[in-house]
Amino acid sequence: MQSIDKVKKRDGSLVPFDIEKIENAVWKSMKASKTGSKDDAKKVAKEVKGQLRHFKREMRSFIPDVEGIQDTVERTLIYERFGEAAKA
Numbered sequence: 154m155q156s157i158d159k160v161k162k163r164d165g166s167l168v169p170f171d172i173e174k175i176e177n178a179v180w181k182s183m184k185a186s187k188t189g190s191k192d193d194a195k196k197v198a199k200e201v202k203g204q205l206r207h208f209k210r211e212m213r214s215f216i217p218d219v220e221g222i223q224d225t226v227e228r229t230l231i232y233e234r235f236g237e238a239a240k241a
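Residues in the sequence shown are numbered consecutively from 154, following this note's numbering.
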């Protein structure tokens, strides 16, 4: 199974992938919109990681960038019925 090891930042630098950063950002959005729970944030973060891994399987050289991760988080939040959190 392909893993996501690196993320490309806006400045082009590569940093280690950290699912906790995604989880924390999702949780902040949920708190701001008064929707969801910490467990929901973990679930969304795991789903986002799964989608990124799918892209990696399809294209071995795939390295997600911050904007792409944000887009994937927003789509996942909407899919999971946390549209208000996606706006936040």
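Glycine included, each C-beta is placed from N, C-alpha and C at the ideal position.
Item to check | Boundaries (first-last residue) of the alpha helix (DSSP H) holding Lys195 | outcome: Position 42 of the sequence shown, counting from 1, holds the residue named residue 195. Run containing Lys195: 191-211, per the alpha helix (DSSP H) assignment.
Checklist entry - Who pairs with Asp218 in a beta bridge, going by DSSP? => result Within the sequence shown, numbered from 1, the residue matching residue 218 stands at position 65. Bridge partners of Asp218: Lys161.
Item to check | Exposure of Val197, with buried meaning 16 or more beta-carbon neighbours within 10 Å | outcome: To locate residue 197, count along the sequence shown from 1; it is residue 44. Buried: at least 16 other Cβ atoms inside 10 Å.
Item to check | Which listed residue (Gly203, Asp218, Met183, Ile172) has its alpha carbon closest to that of Asp164 | outcome: Taking the sequence shown and counting its residues from 1, one reaches residue 164 at position 11. Here the closest residue by C-alpha is Asp218.
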